[in-house]
Amino acid sequence: MCKKQVNGRENGVGKMNICSLVLSVLLIVMLISVVSAEENNSISFVLGTDHNRDPLENIITSGYLDINISFYNATEANSTNFSAENVIFLSSLDAGTLQNLNNTLNHSAHIVSYDLPETHDYGNVNDSNITGLWEAGGYHNVKTLIRYMNDSFYGSGVPASKKLEVAFVFSRDSSIITMNNVASDPAVSDIMNISTYFGRSNEELSFDLSDKDIVVMRDLAAPVIETITPTVNDAKANGAHVISVGDLVQSYSLHNVNLSDLEYSDINEYFKYDSEENFKRLTTFLSVKFAGRIDVIQPTVERPIYGIYHPEAGEIYSSAEDYLDWYSTKGYDHEKPTVAVIYSSLKHIYGRDAPLAGALVNSFESRNCNVIVASYSYKDPASVNYLMLNGEPIIDSVIIVSRGGRMNYKDSEQGIEDLKTWNVTPLNGIRLFYGVSAEEWENSSHGVGPEQTFQLAAAEMDGIIEPIVIGCKDPSIGDSAYYPIDYQVEWLTQRTISWMQLHRMLNSEKKIVIPYYAAEAGKAAMGADIDYYLDAQASLANLLKAMKARGYDLGTKPLPDRDELAQLMVTQGYNIGTWAPGELEKRMEKGSVILIHESQYLEWFNGLSQEKQEEIINIWGEPPGEIMVYENETGKYLVIPKIEFGNVVLAPDPMWGWDQNETVMYHDGSIPPTHQNLAFYLYLGKVYDADALFPIFTSIMAMPGKEAGLSAQDWGAILLQDMPIVHVLPMDAEGIFDRRRANMLIVDFMTPTIIPSGLYGNLSILQQDIGMYRQVVDEGVKVQYRSDIINLTRELDLDKDMEVNLEDIEGNVTATDAFIDDLDDYLQELKTTFMPYGSHTLSEPPTGESLVAMVESMLGKEFKQHVQLTNSTKGLTTALLNETVLNGTSAVNAQNMILGGVSENITADLNLSIEYTTRINGCTIEIPRILDALEGKYIPPGPAGDPIRNPDALPTGRNLCTFDDRLIPTTAAWKVGTDLADKLIALRLAENGTYPRKVAFLLWSIETTRHQGTMESEIFYLLGVKPVWDSKRRVNNVELINSSELGRSRIDVVVTTSGSYRDMYGSRLQLIDKAVWLASEADDDLYPNYVKQNSNSIYQSLIDAGYDNETAYNLSASRIFCPPPGSYTPGIEHVISSDTWEERKKIADLYIDRMGYIYGQEMWGEQYTDV
């Protein structure tokens, strides 16, 4: 039995599960209730089950109702006399219990019965409100029930509820629309008048709230809150209930309804998932709580955060089958292209993400496409299946709305496997972070700025292409929602549809255009860029044959071989300079050209913005210009030479024009496309209707425009239009501009065979250092690189070869930079001397001697040293490789045959040679992968690098990705980082004569990209740990520095990171965690080990706090903290900027709560705020 406790716990909600404690409390309650029973009305409940037992306990202990409430179970009821009770509620009791109760019941009392046997139903009250509220149950409904019974049986009847005047101030259009729909429902408008207001700083905020009964403010920006504060205070003064939803609004303390109170805490729940049903249930809640209405309060409808969404659907679907069943009623047609739009979760799909998601759906559906908006998360095993039906993908392309991290940032390889399963082209839809507006982005030369490049790099690591900015927040209105940038959404839509057409069309119907390199107005250097070392003619001859085998229409004539194609390029497919007008007339006589009349070109040209027209006219003159312009009696024509094979056209890429115009030759700014260049691409898109471009060479990425993430108004986008572009690059190329400034899908190919040379590896390192020097931003690291480059140049005697006195330039930054430019050119020339086997032909990896030479180069000098230790006879390394590489002999048998014995090291080398051979032979996939790309299929990513330095870059035929976090920290960054650590220690020693015991670090992805691991190096060195670089200069491990070598104490660290750092450099966090464990476990006795001391202290504190031994031990060395997986900041900036907080502790507690997630080798994103 339990009765009302007059002096109950404040906000008491807990269950009392321990029998003795319950009995003690009940005894006290019974005694107190005897005293108060004469003063207050009483209601007794007799319960045969636990239904509503907990709500009754909570109501009794909360002390909110001035009514004596008692409840009994069946056993207690059998020994209780109810003859004095005036109101009794009997619920779910058996016949035996009821028979006993009948002996003491006062049958003149109000007896409510629920779920009783008909033979023993002693109830005399028939009220659907009572039974409805009891059946619905829960704290709020039981409390309403008690209030209703008290008014009905002890008062003069239930008072009529007031019709409320309610104001909702929202910052999102979607919330306003949803609430307005609810307000128009008669079931709602009968009980309250709802007014909605836009709470945005760019909207009219002079509305009057003073006459409202309830004011609800949700997720408003500081300027809005400050502006409406007077009218909110007026409403409060007139008795209004003011409700604040969201951290920032709460921080202004305008509310008088406490959402942390049990009585009102459910209000927050109704706002978690915006929907008409939840808002309707909220209105019922408000009318019950603030107008005395008798109605059933229903809990919030919780939507899953994973599944499939559509703006018009009333639910989140858990399978493609269920979604398509619904979608079929809305126009789904499996004959139409289907695109997927992927978010990391659907948590914010009805709020923050709704405007952008809705715009994408509308954009595709208005163009006769099906759309599936779905979630993908490593936390949801069903993710990949949302786009599958009967085990097969149902999509033709997929847009990954950029998440700032890998597809699957817990298991990146699984993310790639899932993309392989879908096997369609994935595109990168980018949202601008950090409050960057659409206008700021459009006016920026960076585009996606350096602080947001993680959005690009992470996607590229997954093989996701076409980085297109599509949405942003609007800082001027303080709204947290992402809104579409309409013209960007349109461009993404058009390009995605083109990729989907490639996926759906028959190859025989496709029109493919292949631009190739042609020296500026001449017949020399035709085919590919000379830096590619690609035999373009042989490669294209192979490609044409492969295309025919896949069903492309290549006409009826025999396809050319390498030499025949080369001859066609020289005699038919070349550009002609302005200095040889007679040659153009001769070329016209041969035919096979595209002619674009000036009237047609002028129509296109005039369709450009005035700004773009002026850019071209200022450089190239009035249209159609002079380059490749032919004139006859019918007018002027822009001329495009072509080599045509059915639906496949080869054409020389239009001239840049540098050699055609002296003004341009000395122009110091960016050069827009020539009239011929513009006409060529506009013709392909608007007239020829090309389905895809496959340029062996193009100048699109060199056009003026954003550095990363083109605008639809940039020249690259104007030239590309909606045509997909697939490009090839050598495996050691960067490809960053190609991907980010020309939206290319890149398929890489092998570099030519490299003859073994000890010098080659050092030259490669020198060239890499030059590249890293040009990328790094941190000045300290740049200084170190300059020193390293000069020192290595000396070691290789390159200064003598170049006839440069290095002493004259050392210390002079300008002179050193000029020398480094010359050195890079010289290295490029030297590079060719190590390629005696010529250029590469697509899908033709080296064989025979060339293959052996390549593998020997990849094994490096260690292999030679291992063999020489066994037998110094010359030629043995090649002989061994001839057996394993060419004859398929096992490593052991090859050694027995050649060396007469077996070495463990040589066995490992030869097994590696077999692996390398397999990788090289796998490069036959280059052309098949190009054709896969032209069929809208997924091309998996692969790392960049020459095969000597990075064998993992083989096999080629993959989507080239230059980002490699294993290169962090670089050796130059290590030198700078250790120096910084030494200076930090020296400063502390100078100040107070002691070592620092712990140093805090904050790691940002953009900063690590700039300094290439300086801070990570400082962390390692303070711990007394150093990176282990392999022969490819990658860091895959760390090792302890011996105490005597370190010569000082090991200094502890604590590391916090941004979410973007976690996603981009997760492997570095695991190395830092390993370094902490190495330091924590080190047996040092020469100097204090602060890492171990702190770990021991943490361990003991956790044990004292009740943690078990294993958990305490595992947590004791945790030093890395970050927001939870999928989150990127602690989110306290709004609270801080509001200037409403009074105690720092409030902010500190919030920060610890949101940053209290631990990351490391064995633990990833688990919350332990105690640590």
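Residue numbers (my numbering): 945 to 2115.
For every residue, glycine included, the Cβ atom is placed at its ideal position computed from N, Cα and C.
Per-residue burial, residue i [other beta carbons within 10 Å of its own, 16 or more giving buried]
i            : result
residue 959  : Low per-residue confidence applies at residue 959: pLDDT is 34, beneath 50, and the placement is therefore not dependable enough to give any value.
residue 2025 : exposed
residue 1222 : buried
residue 1039 : exposed
residue 1414 : buried
residue 1687 : buried
residue 1616 : buried
residue 1515 : exposed
residue 2104 : buried
residue 953  : Model confidence at residue 953 stands at a pLDDT of 27, short of 50, so the residue's coordinates are unreliable; what they give is reported in the following sentence. Exposed is the call here.
residue 1205 : exposed
residue 1728 : buried
residue 1523 : exposed
residue 1373 : buried
residue 1721 : exposed
Bounding residues of the beta strand (DSSP E) (the contiguous stretch that carries residue i)
i            : result
residue 1380 : From DSSP, residue 1380 is part of no beta strand (DSSP E); its letter is neither H nor E.
residue 1822 : Residue 1822 -> not in any beta strand (DSSP E); alpha helix (DSSP H) instead, spanning 1820 to 1825.
residue 1956 : Looking at the DSSP string, residue 1956 is not in any beta strand (DSSP E), and its letter there is neither H nor E.
residue 1595 : 1592 to 1596
residue 1942 : 1942 to 1947
residue 1319 : 1314 to 1319
residue 1099 : From DSSP, residue 1099 is part of no beta strand (DSSP E); its letter is neither H nor E.
Any non-hydrogen atom of the ligand MN within 6 angstroms of residue i CB
i            : result
residue 1790 : The ligand MN is absent from the structure shown, which contains no ligands of any kind.
Selection from the options that minimises the alpha carbon distance to residue i
i            : options                : result
residue 1069 : 1247, 1058, 1062       : 1058
residue 1318 : 1335, 1381, 1312, 1248 : 1248
residue 1964 : 2006, 1934, 2014, 1988 : 2014
residue 1685 : 1654, 1695, 1082, 1109 : 1654
residue 2116 : 1188, 1430, 1478, 1321 : No answer is possible for residue 2116: the residues shown for the chain start at 945 and end at 2115.
residue 1852 : 1839, 1844, 1864, 1863 : 1839
residue 1495 : 1011, 1528, 1451       : 1451
residue 995  : 1062, 1046, 1083, 1323 : 1083
residue 991  : 1028, 1032, 1360       : 1032
residue 1021 : 1179, 1010, 1012, 1036 : 1036
residue 1652 : 1680, 1824, 1675, 1742 : 1680
residue 1013 : 1029, 2068, 1842       : 1029
residue 1641 : 1732, 1459, 1024, 1666 : 1459
residue 1411 : 1638, 1660, 1005       : 1660
residue 1740 : 1710, 1763, 1715       : 1710
N-terminal and C-terminal residue of the alpha helix (DSSP H) that residue i is part of
i            : result
residue 1075 : 1072 to 1080
residue 1730 : 1723 to 1739
residue 1862 : 1848 to 1865
residue 1211 : 1210 to 1214
Paired residues, beta bridge with residue i - DSSP
i            : result
residue 1161 : 1113, 1188
residue 1994 : 2033
residue 1972 : 1981
residue 1016 : 990
residue 1142 : 1114
residue 1541 : 1581
Three-pair Cβ contact test at 8 angstroms for the stretch 2030 to 2047 versus the stretch 1382 to 1394: no
Would the stretch 1109 to 1125 and the stretch 1240 to 1247 be scored as touching if the rule is three or more Cβ pairs under 8 angstroms? no
Does the stretch 1541 to 1554 come close enough to the stretch 1591 to 1602 to have 3 or more Cβ pairs within less than 8 angstroms? no
Kindly confirm or deny that the stretch 1573 to 1582 and the stretch 1537 to 1547 touch, where touching means at least three C-beta pairs closer than 8 angstroms. yes
Under 8 angstroms: do the stretch 1958 to 1972 and the stretch 1920 to 1930 share three or more Cβ pairs, one atom per stretch? yes
At a cut of 8 angstroms, does the stretch 1783 to 1800 reach the stretch 1854 to 1869 through at least three beta carbon pairs? Taking 8 angstroms as the limit for Cβ pairs, the verdict is that the stretch 1854 to 1869 does touch the stretch 1783 to 1800.
On the three-pair Cβ rule with 8 angstroms, is the stretch 1873 to 1880 touching the stretch 1479 to 1498? yes
Touch check for the stretch 1985 to 2000 and the stretch 1948 to 1958: three-plus C-beta pairs under 8 angstroms? They do not touch, by the three-pair rule.
Are the stretch 1615 to 1632 and the stretch 1398 to 1417 in contact at 8 angstroms, needing three or more beta carbon pairs? no
Touch test, the stretch 1756 to 1769 against the stretch 1820 to 1838, Cβ-Cβ under 8 angstroms, three pairs minimum: no
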